[in-house]
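**Q** Chains as they are written, first to last, in the numbering used here: chain Y, 374 to 697; chain F, 374 to 697; chain R, 18 to 433; chain U, 18 to 433.
Each residue gets a CB set at the ideal place from its N, CA and C atoms; glycine is no exception.
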Ligand SMILES: Cc1ncc(C[n+]2csc(CCOP(=O)(O)OP(=O)(O)O)c2C)c(N)n1
Ligand SMILES: Cc1ncc(C[n+]2csc(CCOP(=O)(O)OP(=O)(O)O)c2C)c(N)n1
Ligand SMILES: [Mg+2]
Ligand SMILES: [Mg+2]
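The structure is reproduced here in structure tokens:
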């Protein structure tokens, strides 16, 4: 077993899928000779040629829709957005064309749109966004936000094999900060299944992507106070794993929903509603949201830190819940 | 006092604002000679001229952003989308340029983008959408969805006077179906304030726009069984009136959130989270969501009816809650 | 980049080859002798004509490629297009149509003759009015009729209305979406997918004088042009976008001027002349097959009805309608076939009767068919797991370096 | 629509007036004698040059409009642009810059001379590299420096980085957003707002050879063209968009070909020649003031650094960099000023010293200034109530019918 970064895990997953299935190809801005802004497809063009590693004009609408068009012929395109901040440029195509295709006219769209998401790197308001929620609210899509290298690889492979348009958000803060040993043999991770990142019994933190590690740090601090935190890493945001959410609530009876996305209209609301529906009687305290503030993502480090949810915020919330 | 439709109320509000303040002007596709697809600006060009009633090419991105540009010079543009389904075409401009403007560089954008929204008229998947939620999740915007003629007029006037980008969703099902007497004298309705549409004490239905009338029908049926339903019409979705939400929950202890938008990621989740935060201890039963199904909006009447929340759904949910 | 242009016919042409001010071939035998301006009249703002409208109607331009049989078949299909829409109009007035009804009166030549130039494996990206093109591609009138009535048996099972349907398996038709211009990138993608499978195909996309103003149109067609994909953009310049005259939609004279900026061959033609439409599309299709890439066709014609049935189009000056009425594509084609000596009145009547009988049967079938089951409203939002076949055969493996291995990424990339 | 084109200078011109293949004025005194193609070399896919790169460097083209004083001021401002970026580069290497750093080496003439042609009330819509333009519009080097360092005193109070700042009150600069092309409609809106207040203003927007591929660019500039708004679209064709050569971005030869499709005058020029840049922008500004509408300028030049500091631009063949290095805009302008007899070495040194001293002071100020207070992260998301002033004076009331009354809407509209 080799130690592999989150970034390399995604690269391996894509490469393996392209080796396995010639119908898989990648397209996007600067994905060819340059290998992509974050080097996810570095070297791919030398192996798969410019036919299957397609550099595009700066045209997110065209990337999303041409990928879709190719998928109508049975290809399995993987489109890259240089930053997931630019997914908004193709928003209309994603929600109107792609998401409705199978429902409207029975035309499946086996395709992936992927790219770097999230903050914490002083990217400023246009290179740090968490834009997943608009798509969680769009029936017909699948939305994946992995937190670990293992999941990133297994889920990108599942995304490529899925017969629906899958949006794959890669947290850029994790790209080179997260490493772990990965199995030598091939594996996939199923879409739609959450993962218990840490077992605990007093408070559940339901979260995903980079804030899994915020929760983890908080859990380590809280453990010293005897508060055992369970961390549920959602991994897939659409479809959500309702069973896993119910199970952790039934176990701990106290819930923090933690996300880097902004609060109002963020996925914490959806999870609150699901908990109400699935496990209301198990709740011993109100569900607490720990999220970014309701503004754009600031550039300057002191501002960005104040904006994003911090370990202390989780610690405080957990103490409050346990004392409720 | 004259009886006025929801449509005429909006027309009056816009006309009055254009009379009052020459900085107000309208722009959009077919708004001039034709008076707009739904005739909201019919006759406006004859009064205010083509300078202030601006027909545009079919370019939603340009409409939203040029309106914004004009607002930077102190104008108060009101952009029309022919259907709010086409707001997705300008999604990127709205969330990236408009919403962040005051926060990013202190440039306020006093402007309105308005248009017909919602289903129930066999408009099919591209003329029936409820696209408000992506904007409720965007700090910097205000989002208004009126249900009554009185509110529609008072709120469009407040929207025009607001110093921020306001999205104004006019439910097309209500345009000519809803009428009421309006005051002769000028009035406005404040943004951010919900309205108790009907007093009750057993169950609260929190809703907005066309489903206010679904709730009302349900309330009338339930009244015969002795179940007194309180209907809270949110009117503004961003900012939400947290006080009004808390108050109705404290009063009835049982909540249905009803909306025509689809379920997963819809505003019911946000409201569930707010109730958890504001009034958890007052809840005697889980919050129930009654919404459209998670798909696009079907065209054919039997399908559309099955898709949209119906009076019976509310009645059933209320009975279940009272029995909880 | 190929410099080969869409050519004008060398033989049979009824008039000399024209060229637009920017050097684009203009095949028309007449220019539109008027344009629209706005004016105030008694405190009302509206549109007026500047120029003449009573110029004589030229003959059609004989086709370089169509023989007698194909010409007659195009005629028949135009008639099918028109009769189907006449049926629909009656059904609308009988309240059998649900929602809006969009008609293409005056545009039948443009729909039919262009789609007729496509091969079986080529794709079509229709707009709402191209109901005739869909028949050429293999759908039945009942399909469109059932769509408008929201019937269970319609291609979208009642989910969508009108021409918002398609088929990716056999007919290769993209189901249009309302957001104008969005199909163009999709067609480019179809061509890209086919090319990866070793096939240069053509994909014909329509867009209106209004719809071509949208960003997706631009991104999609630029993408097709730079990638040399066989997209044929047929701009149906029918003078109006809903109530908006073209004078308020763009500032260039000919929309084909935009071909220069895309870097692809362009041509201007008379969209009421099926021969011009066919020939231009045919040449563009051949370019696509030869791997030479995208083409741009501007067809000038007129939307003879309102935007949809609810719109009486009072904003259109009456003389404009009269001018174009004299240029009815079907009547002119009938005269052309007769002048060619290819058909007589009896044969014309037989065609007409055949179309009428068929149309009545289609309407009866559509009317009698059931409405959908409410339980079907929100099914099939997702496609289940399972293999999806490649449409054009196995993916071609190119000269790329088969032995290259995945190496660890070198540079830190954009942000550390 | 006005047919008046951006003219080439009649007097003083060093060479005859050129015209592009599509009839667009081309002011350059040389054409770029090579282009980029892709190739496989030992199993690696990359780019190569086709054509020559060692052609002689022509002189600058004397300006039709700039006098000695203005020319020297443009020179000084270009030097400010370069020195500021050199300072930033040092600060970056000292890890004083946060995040990425974007430089405009080789593009100073294009930024500075164009912005120099604007009047005080005109708007500027910069892109990330137009840091020099912002100085011309009245910002200080410290502003950009503090932006890059995330300082509290930066124009955006640390919220944004680099040239992502602006000012709608005095300098009339749109704060750029990353999404390429999005400023163009905004500038059109500024012109529309001004026109409603009785003023024909100009609004200069930059866009790259890459950014101009986006839908918002197209919608925005079409809107400006059809509404005859004074938007000047200056396409900085600097050969690369990040790592993508222009050959993979569009299929037309000159981006100015797109002017024909927009229906506005276009011109092609050498973006390393401040005189050509100034003259074209000046003429476009005059057109805007005269109410004649939008203009399109294509400036060909080269991005001499990587996309941002993290990018060594290894994908650019070395000889391309050499070719353009010989065309350094500042060195050439220096030689031009000397050849004109407008400046001597002592005066040049005095200018340089002055700029250096200022730049050091600016850097010291920027470095010493404090970081923002965390409490400021999410304030001012909304603008409070209160009057917002009209920028250009009262709205002009036109001939519209003052007595018209609101009548009840007649028709049922689109859906009942
Ligand atoms: C992006 C977008 N904006 C607005 C509309 C509403 N709309 C539907 S058709 C139409 C006019 C289309 O005109 P044109 O493209 O010229 O086609 P025509 O109806 O003349 O065939 C408009 C504005 C739309 N469908 N899509
Ligand atoms: C809509 C959008 N997509 C992608 C990007 C990422 N991006 C930033 S700059 C750039 C290249 C821009 O090239 P060009 O427009 O030629 O400007 P230059 O950098 O050469 O000055 C890209 C792809 C973006 N900013 N906006
Ligand atoms: Mg049209
Ligand atoms: Mg560039």
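Residues bridged to residue 427 (chain F) by DSSP?
**A** F:400
**Q** Cβ of residue 253 (chain U) versus every heavy atom of ligand 2: is any distance shorter than 7 angstroms?
**A** Checking every heavy atom of ligand 2 against the Cβ of residue 253 (chain U), one is found closer than 7 angstroms.
**Q** Quick one: does the C-beta of residue 403 (chain Y) sit closer than 7 angstroms to a heavy atom of ligand 4?
**A** no
**Q** With 8 angstroms set as the bound, which would you pick, yes or no: does the beta-carbon of residue 430 (chain Y) sit closer than that to a beta-carbon of chain U?
**A** By this cut-off, residue 430 (chain Y) is an interface position.
**Q** List the residues of chain R that residue 381 (chain U) touches, going by C-beta distances under 9 angstroms, in chain order.
**A** None at all; the shortest Cβ gap to chain R is about 27 angstroms.
**Q** Tell me the residue span of the beta strand (DSSP E) that contains residue 488 (chain F).
**A** Segment 484 to 490, the beta strand (DSSP E) holding residue 488 (chain F).
**Q** With a threshold of 8 angstroms on Cβ separation, who are the neighbours of residue 423 (chain F) within its own chain once the five nearest residues in sequence on each side are excluded?
**A** 405
**Q** Under 8 angstroms between C-beta atoms, does residue 161 (chain R) make it to chain F?
**A** no
**Q** Can you name the residues of chain R whose CB is closer than 9 angstroms to the CB of residue 475 (chain Y)?
**A** 397, 398, 399, 400
**Q** Closer than 8 angstroms, CB to CB, is residue 412 (chain Y) near chain R or not?
**A** yes
**Q** What's the gap between the Cα of residue 410 (chain R) and the Cα of residue 401 (chain R)?
**A** 22 angstroms
**Q** Can you confirm whether residue 233 (chain R), when its beta carbon is compared against all beta carbons of chain Y, has any partner nearer than 8 angstroms?
**A** yes
**Q** Taking 8 angstroms as the threshold, find out whether the region 562 to 579 of chain F comes into contact with the region 621 to 639 of chain F through three or more Cβ pairs.
**A** yes
**Q** Could you tell me if the beta carbon of residue 122 (chain R) falls within a distance shorter than 7 angstroms of some heavy atom in ligand 1?
**A** For ligand 1, not one heavy atom lies less than 7 angstroms from the Cβ of residue 122 (chain R).
**Q** Should residue 181 (chain U) be listed as close to ligand 2, given that the test is whether its C-beta is under 7 angstroms from any heavy atom?
**A** no
**Q** What are the residues in the region 390 to 418 of chain F lying within 8 angstroms of chain R by C-beta distance?
**A** 402, 403, 405, 406, 407, 410, 418
**Q** Suppose you measure from the CA of residue 349 (chain U) to the CA of residue 123 (chain U); what does that come to, to the nearest Å?
**A** 11 angstroms
**Q** Identify, in the order they occur along the chain, each residue of the same chain with its Cβ nearer than 7 angstroms to the Cβ of residue 203 (chain U), setting aside the five sequence neighbours on each side.
**A** 142, 191
**Q** Measuring only from the beta carbon, is residue 320 (chain U) closer than 7 angstroms to any heavy atom that is part of ligand 4?
**A** yes
**Q** Where does residue 55 (chain U) sit, in a helix, a strand or coil, going by DSSP?
**A** Reduced to three states, the DSSP call for residue 55 (chain U) is strand.
**Q** For residue 165 (chain U), which of helix, strand or coil comes out of DSSP?
**A** Of the three classes helix, strand and coil, the one that applies to residue 165 (chain U) here is helix, per DSSP.
**Q** Please name the residue or residues paired with residue 631 (chain Y) in a DSSP beta bridge.
**A** Under DSSP, residue 631 (chain Y) takes part in a beta bridge, and its partners are Y:663.
**Q** Spatial neighbours of residue 291 (chain R) within its chain, please: CB distance less than 6 angstroms, with the 5 preceding and 5 following residues excluded, ordered by chain position.
**A** 91, 126, 130, 350
**Q** Using the Cα positions of residue 479 (chain Y) and residue 681 (chain F), report the straight-line distance between them to the nearest angstrom.
**A** 22 angstroms
**Q** Give a yes or no on whether 8 angstroms exceeds the smallest Cβ distance from residue 650 (chain F) to chain U.
**A** no
**Q** Have a look at residue 50 (chain U) and residue 416 (chain U) and give me their C-alpha separation to the nearest angstrom.
**A** Cα-Cα distance, rounded: 55 angstroms.
**Q** When you compare the region 266 to 285 of chain R with the region 319 to 339 of chain R, are there three or more beta-carbon pairs, one atom per stretch, that lie closer than 8 angstroms?
**A** no
**Q** Use the C-beta contact count for residue 523 (chain F): other C-beta atoms within 10 angstroms, 16 or more gives buried, fewer gives exposed.
**A** With 16 or more Cβ atoms within 10 Å of its Cβ, residue 523 (chain F) is classed as buried.
**Q** Spell out whether any CB of chain Y is found under 8 angstroms from the CB atom of residue 199 (chain R).
**A** yes
**Q** Between residue 293 (chain U) and ligand 1, is the CB less than 7 angstroms from at least one heavy atom?
**A** no
**Q** Would you call the CB atoms of residue 207 (chain R) and residue 447 (chain Y) closer than 8 angstroms?
**A** no
**Q** Along the alpha helix (DSSP H) that carries residue 680 (chain Y), what are the first and last residues, could you check?
**A** 674 to 680 is the span of the alpha helix (DSSP H), which, as asked, contains residue 680 (chain Y).
**Q** Flag residue 12 (chain U) as yes when its Cβ comes closer than 7 angstroms to any non-hydrogen atom of ligand 4, and as no otherwise.
**A** As shown, chain U starts at 18 and ends at 433. That puts residue 12 (chain U) outside it, with no answer to give.
**Q** Which of the three DSSP states is assigned to residue 386 (chain Y) in this structure?
**A** helix
**Q** What do you reckon, are the CB atoms on residue 372 (chain U) and residue 42 (chain U) nearer than 8 angstroms?
**A** no
**Q** Which residues in the same chain as residue 9 (chain U) place their Cβ atom closer than 8 angstroms to its Cβ, once the five residues preceding and following it in sequence are excluded?
**A** Nothing can be reported for residue 9 (chain U): it is not among the residues displayed for chain U, which extend from 18 to 433.
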